[in-house]
Amino acid sequence: MRQDTDTTARPEQAAPGDEGTGRSRSAPPLAYVRLGERPLRRLPQLFIGLALYGFSMAVMVRAGLGLSPWSVLNEGLEKHTSLSFGTLTAVVGVCVLLLWIPLRQRPTFGTAANLVVIAFSSDLGLALVPEGLPLPERVGLLLAGTFANALSVAVYVGARFGPGPRDGLMTGASALTGRSIRVVRTFIEVSVLAVGWLLGGGVGLGTVLYALTVGPVTQFFLPRFAYSGPTRTARPGPRVTGSRTSS
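Position one of the sequence shown corresponds to residue 493 (the working numbering), numbered consecutively onward.
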């Protein structure tokens, strides 16, 4: 879930966490690839990754030991509305998309799929995973959910259908401000976490675990899932100049 910045997209971007380390040449290609290129190879990967992402979010919610920043916001909003967690995930995503307009970001097929599939799969997960489990089982859910979430990011980002709403916000803000993705991402997620916590979202051990592990795990798996077919050209869009490339 990370990105960086100029005016035209490069065919290749650094893998999450590799920016500024001198390893960009060996990083997997992550730039947008048109929908028509090998869809039977890439579409299943996209949908499996997004479905796993949404389901893993639900698993972490049921663990009740702390969530990722955007999930904290969704859970906080859920306590003040009649909307489900999954529906709020989509609503927040649409609101974030509106911020793309002044940032001159352009949605792709992957952006739309991100909104729909994650919303549906997270609500499905909440319906299937029971509440009120004993603490040892909840710890197991937290560990499994965090790992699955990181793995799912590598799977759907590696399909190269374009960024999700929140990833595009970070990319565009980095391009507009000239700040690295590392700085922009931290600012956005700390702000989102604070708002979600004030609304009553769950902050705890899981929040810290997520922050410390998702990046490295995603970075490990991304080269193994990144599509590296014949196309080397990317859709025009913002170019990355600073740090990272994420849901």
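The C-beta atom is built at its ideal place from N, Cα and C for all residues, glycine as well.
Closest to residue i by C-alpha separation, out of the options, would be which residue?
{"i": "Phe713", "options": "Gly698, Val684 and Val649", "result": "Val649"}
{"i": "Leu633", "options": "Val553, Gln597, Leu569 and Glu567", "result": "Val553"}
{"i": "Gly692", "options": "Trp562, Phe539, Arg534 and Gly568", "result": "Gly568"}
{"i": "Glu623", "options": "Arg534, Ala555, Val682 and Pro531", "result": "Ala555"}
{"i": "Gly660", "options": "Asn641, Val586 and Asp615", "result": "Val586"}
{"i": "Gly698", "options": "Ala605, Arg716, Leu618 and Ala550", "result": "Ala550"}
{"i": "Val684", "options": "Ser666, Thr573 and Leu565", "result": "Leu565"}
{"i": "Leu601", "options": "Leu535, Val631, Thr573 and Leu590", "result": "The amino acid at residue 601 is misidentified as Leu; the sequence shows Phe. Closest by alpha carbon: Leu535."}
{"i": "Val687", "options": "Pro561, Pro599 and Thr705", "result": "Pro561"}
{"i": "Leu704", "options": "Thr603, Phe639 and Leu690", "result": "Phe639"}
{"i": "Phe453", "options": "Leu635, Leu690, Met662 and Ser614", "result": "Here the chain covers residues 493 to 739 and nothing more, so residue 453 does not appear."}
Is DSSP giving residue i helix, strand or coil here?
{"i": "Pro531", "result": "helix"}
{"i": "Val609", "result": "helix"}
{"i": "Ser574", "result": "coil"}
{"i": "Glu623", "result": "coil"}
{"i": "Gly721", "result": "coil"}
{"i": "Gly729", "result": "Any reading at Gly729 is ruled out, since the residue's pLDDT is 48, under 50, leaving its predicted position unreliable."}
{"i": "Arg596", "result": "coil"}
{"i": "Pro536", "result": "helix"}
{"i": "Val695", "result": "coil"}
{"i": "Gly656", "result": "coil"}
{"i": "Arg526", "result": "coil"}
{"i": "Pro715", "result": "helix"}
{"i": "Gly541", "result": "helix"}
{"i": "Ser644", "result": "helix"}
{"i": "Arg554", "result": "helix"}
{"i": "Ala703", "result": "helix"}
{"i": "Ser683", "result": "helix"}
{"i": "Gly688", "result": "helix"}
{"i": "Ala651", "result": "coil"}
{"i": "Gly670", "result": "coil"}
{"i": "Leu634", "result": "helix"}
{"i": "Ser614", "result": "helix"}
{"i": "Pro520", "result": "coil"}
Mind checking if residue i is an interface residue toward chain B, Cβ cutoff 7 Å exclusive?
{"i": "Ser720", "result": "Going by chain labels, chain B is absent from the structure shown, which holds only one protein chain."}
Report the CB separation of residue i from residue j in whole angstroms; it is logged as a contact under 8 Å.
{"i": "Ala543", "j": "Val609", "result": "6 Å"}
{"i": "Leu607", "j": "Pro657", "result": "7 Å"}
{"i": "Val583", "j": "Leu575", "result": "7 Å"}
{"i": "Gly558", "j": "Ser644", "result": "Rounded, the Cβ-Cβ distance is 19 Å, inconsistent with contact."}
{"i": "Leu595", "j": "Gly664", "result": "3 Å"}
{"i": "Leu616", "j": "Phe547", "result": "7 Å"}
{"i": "Ala642", "j": "Val709", "result": "4 Å"}
{"i": "Gly578", "j": "Ala611", "result": "4 Å"}
{"i": "Ser672", "j": "Pro520", "result": "Not really, about 20 Å apart at Cβ, beyond 8 Å."}
Would you mind sorting residue i into buried or exposed? The rule is 16 or more other CB atoms within 10 Å of its CB.
{"i": "Ala646", "result": "buried"}
{"i": "Gly528", "result": "exposed"}
{"i": "Ala523", "result": "buried"}
{"i": "Ile593", "result": "exposed"}
{"i": "Val525", "result": "buried"}
{"i": "Pro722", "result": "exposed"}
{"i": "Val676", "result": "buried"}
{"i": "Glu570", "result": "buried"}
{"i": "Pro531", "result": "exposed"}
{"i": "Val695", "result": "buried"}
{"i": "Val588", "result": "buried"}
{"i": "Thr573", "result": "exposed"}
{"i": "Leu538", "result": "buried"}
{"i": "Thr669", "result": "exposed"}
{"i": "Val706", "result": "buried"}
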